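Residue numbers (this note's numbering), protein chains in the order written: chain A, 1 to 331; chain B, 1 to 331.
Using N, Cα and C, we set each Cβ at its ideal position, and we do this for glycine too.
Given the structure is predicted, the values throughout are model-derived calculations rather than measurements.
Below: one structure, written as structure tokens.
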DNA sequence: AGTGTTATTGCAACCGATCTCAGCAACCGA
DNA sequence: TCGGTTGCTGAGATCGGTTGCAATAACACT
């Protein structure tokens, strides 16, 4: 395959470069026969335009970066999946950027994005810090964030209603007959995590029962710690709300290792609605976030902003997803 | 931030473009003072070179595509994670490409890669088909595959020794006292899946016990089907080897829903060594693949090939990772 | 026939780098 | 002092496209 530039196609079709260019990117500007002829020739040669050259010249590309802290976390993986799809439905090419929670890397990715003329970017932040970094770039105003953002209405966001989600979980548990419901938080840092926790505290108090936050630290072993705390209690709650599905998995696993059964001994409900939850043991009851919608909406918001400058803040409704990890309280 | 091209830096530093260029990409070719001066000026302006322009001119970029069928599968997620790291340790930028098993998409990605002057690519194939697609590109000879490849020694590969892995699993189970050991296969299509199955069949026969392949179909519900098959048997095996961790999860989950306990009633061992397995209920005993090594090695192989044209086939050793899903046979 | 539009296409500069080649100054030995 | 290196820098073409502008063709109308 010798280098296939626009010029060779032009020559082969007997027209000028610019005509070939137009045939591809501004079809209405070239006579139909000519265009069809060019396209046919190009096809025959197996020619495609160089996105690099295009980006360089037009100062805008179809690369759209998705910045996530950890692709290993199934939530982000599912997000990435739906976003890749949403992206190339619209002719974009998603670039996955994994920061591992390193703000320096976030910064690096931002400058890289700018250099690549990305029309916009999507950020699923690990910590509030990331959104700070964001603001240091004028690029910052072409980013949509999958989290709540504080004190900056200029950036579009899409989130799920945390309070509503916790409420749903609580209601589900109440309806099952639980009155003592604990909470295990996830990794702190995001507004979302904060919101869920706050919601739990508030709603719990409102319903008259004292909130029981199981010690969970702020690291990956939140689940384990929470489980230990549970075991040490004289009067442990009969149900546990986990800040997210991963934490729920960890809690159930840790509990299981100590001989505590779910849902027989305690009910556990997660928050996320990961597909993985269906294959957990037991299948995880959880508050489902419409992840696929989030992905699509994020891209729509970005495009919308790019066109008319509008900045929306979409809040989606979570849903209860009952599987096997909750049941009536023991005894 | 007005456009920051090499020319503005040149002007600001009072030198010619080409000197700035050299200051960055061929430091030894420019006088030290000059270089330092330029670098300082550039720094002050917050200038970085445009990877696009560079790629266009040099016909080689630092984008390296990682093509996976499904990022939602934790195995690929972990691979992606270690590869991003390995990549940017070496100054590359990993582009995650998700095919969802669609060969057409694989094709599309390949041409995109070529267009972006990727120096090489990494493919973790979902099916044998993908590697076919690969060969249609001259790019094909700058790809390393994370799987075995048949009939084409020209492409570097890195895999883990399937046979050895199954052997390890079998030995572990035997040493625990199991004699009747079943197998649940994963999604068919990759050589790896095939190899594991073959190894099971062979080794099982060699050890004198009749192989018991639990019906698992070829789709996502392999685990469920396997579990059902297990339940229907008059004399079910006392232990099960799952083709990979995800299948193991599904099997345990399905079994659990039917009241069968792991490892009390049946032992289950997986294959992969996913981090997630540690948080499963029970924590999954498994044959661990050195995923991180695979990522690094894949990149090394690619670089090596690019330099001296050598094509290696690395086969890594798997390890036993004992957690909680295996124990002695019941009764 | 003369002139004004409109539809197409060609020309050439430009995007932000790289790289070959040539120019020039300093340095070396004879 | 002069030819020969060597070291460093500038010129300018080039990578693969895009796009404003000019040129030409085609068609309509008076």
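Partners in chain A for residue i, counting only beta-carbon separations shorter than 7 angstroms
| i | result |
| --- | --- |
| residue 56 of chain B | 52, 53, 56 |
| residue 95 of chain B | 95 |
| residue 116 of chain B | 51, 52 |
| residue 84 of chain B | 98 |
Anticipated Cβ contact below 8 angstroms, residue i with residue j, distance rounded
| i | j | result |
| --- | --- | --- |
| residue 247 of chain A | residue 255 of chain A | No, residue 247 of chain A and residue 255 of chain A are not in contact; Cβ-Cβ is about 12 angstroms, not under 8 angstroms. |
| residue 122 of chain B | residue 71 of chain B | With a Cβ gap of about 14 angstroms, residue 122 of chain B and residue 71 of chain B do not count as contacting. |
| residue 311 of chain A | residue 155 of chain A | 7 angstroms |
| residue 245 of chain B | residue 295 of chain B | Residue 245 of chain B to residue 295 of chain B, Cβ: 17 angstroms. No contact. |
| residue 62 of chain A | residue 92 of chain A | 5 angstroms |
| residue 330 of chain B | residue 284 of chain B | With a Cβ gap of about 19 angstroms, residue 330 of chain B and residue 284 of chain B do not count as contacting. |
| residue 117 of chain A | residue 53 of chain A | The pair is not a contact, with the Cβ atoms about 12 angstroms apart (cut-off 8 angstroms). |
| residue 201 of chain A | residue 269 of chain A | The pair is not a contact, with the Cβ atoms about 17 angstroms apart (cut-off 8 angstroms). |
| residue 142 of chain B | residue 119 of chain B | 7 angstroms |
| residue 190 of chain A | residue 147 of chain A | 5 angstroms |
| residue 239 of chain A | residue 266 of chain A | 6 angstroms |
Distance, residue j Cα to residue i Cα
| i | j | result |
| --- | --- | --- |
| residue 204 of chain A | residue 211 of chain A | 6 angstroms |
| residue 40 of chain A | residue 299 of chain A | 33 angstroms |
| residue 14 of chain B | residue 144 of chain B | 45 angstroms |
| residue 222 of chain B | residue 81 of chain A | 22 angstroms |
| residue 112 of chain B | residue 192 of chain B | 27 angstroms |
| residue 196 of chain B | residue 194 of chain A | 45 angstroms |
| residue 326 of chain A | residue 176 of chain A | 8 angstroms |
| residue 309 of chain B | residue 260 of chain A | 57 angstroms |
| residue 314 of chain B | residue 301 of chain B | 9 angstroms |
| residue 28 of chain A | residue 149 of chain A | 42 angstroms |
| residue 235 of chain B | residue 181 of chain B | 11 angstroms |
| residue 95 of chain B | residue 233 of chain A | 48 angstroms |
| residue 69 of chain B | residue 187 of chain B | 12 angstroms |
| residue 102 of chain A | residue 38 of chain A | 48 angstroms |
Proximity test, Cβ basis, 7 angstroms: residue i and chain B
| i | result |
| --- | --- |
| residue 330 of chain A | no |
| residue 285 of chain A | no |
| residue 159 of chain A | no |
Neighbouring residues, chain B, relative to residue i (Cβ below 9 angstroms)
| i | result |
| --- | --- |
| residue 113 of chain A | Going along chain B, no residue has its Cβ under 9 angstroms from residue 113 of chain A, so there is no contact; the nearest lies around 11 angstroms. |
| residue 244 of chain A | Under the 9 angstroms cutoff, chain B gives no residues; its nearest Cβ is about 12 angstroms from residue 244 of chain A. |
| residue 78 of chain A | 71, 72 |
Same chain only: Cβ atoms within 6 angstroms of residue i, ignoring 5 sequence neighbours per side
| i | result |
| --- | --- |
| residue 105 of chain A | 99 |
| residue 78 of chain B | 291 |
| residue 97 of chain A | 65, 67, 109 |
Any non-hydrogen atom of the ligand HEM closer than 6 angstroms to residue i Cβ
| i | result |
| --- | --- |
| residue 198 of chain A | This structure does not include the ligand HEM; it has no bound ligands of any sort. |
Cutoff 7 angstroms: residue i Cβ touching any chain A Cβ
| i | result |
| --- | --- |
| residue 282 of chain B | yes |
| residue 75 of chain B | no |
| residue 256 of chain B | yes |
| residue 250 of chain B | yes |
| residue 5 of chain B | no |
| residue 90 of chain B | no |
| residue 310 of chain B | no |
| residue 192 of chain B | no |
Sequence-distant residues of its chain with Cβ nearer than 7 angstroms to residue i (five each side left out)
| i | result |
| --- | --- |
| residue 258 of chain A | 227, 231 |
| residue 179 of chain B | 209 |
| residue 229 of chain B | 214, 215 |
| residue 30 of chain B | 19, 22, 23 |
Amino acids of chain A, ordered along the chain, whose beta-carbon sits closer than 9 angstroms to that of residue i
| i | result |
| --- | --- |
| residue 81 of chain B | 70, 71, 72, 98, 100 |
| residue 62 of chain B | Result: empty, since nearest Cβ-Cβ is about 10 angstroms, beyond 9 angstroms. |
Under 8 angstroms from the C-beta of residue i: neighbouring residues of chain A
| i | result |
| --- | --- |
| residue 106 of chain B | Those within 8 angstroms of residue 106 of chain B in chain A number zero; the least Cβ separation is about 13 angstroms. |
| residue 295 of chain B | Within 8 angstroms Cβ-Cβ: nothing; residue 295 of chain B doesn't reach chain A, min ~12 angstroms. |
| residue 223 of chain B | 279 |
Same chain only: Cβ atoms within 8 angstroms of residue i, ignoring 5 sequence neighbours per side
| i | result |
| --- | --- |
| residue 288 of chain A | 272, 273, 318, 319, 320, 321 |
| residue 165 of chain A | 196, 199, 271, 287, 289, 318 |
| residue 316 of chain B | 158, 159, 160, 161, 289, 290, 293, 294, 297 |
Contact set between residue i and chain B, taken where Cβ atoms lie within less than 7 angstroms
| i | result |
| --- | --- |
| residue 253 of chain A | 279, 280, 281, 283 |
| residue 324 of chain A | 257 |
| residue 48 of chain A | 111, 115 |
Proximal residues of chain B, C-beta to C-beta of residue i below 8 angstroms
| i | result |
| --- | --- |
| residue 275 of chain A | 72 |
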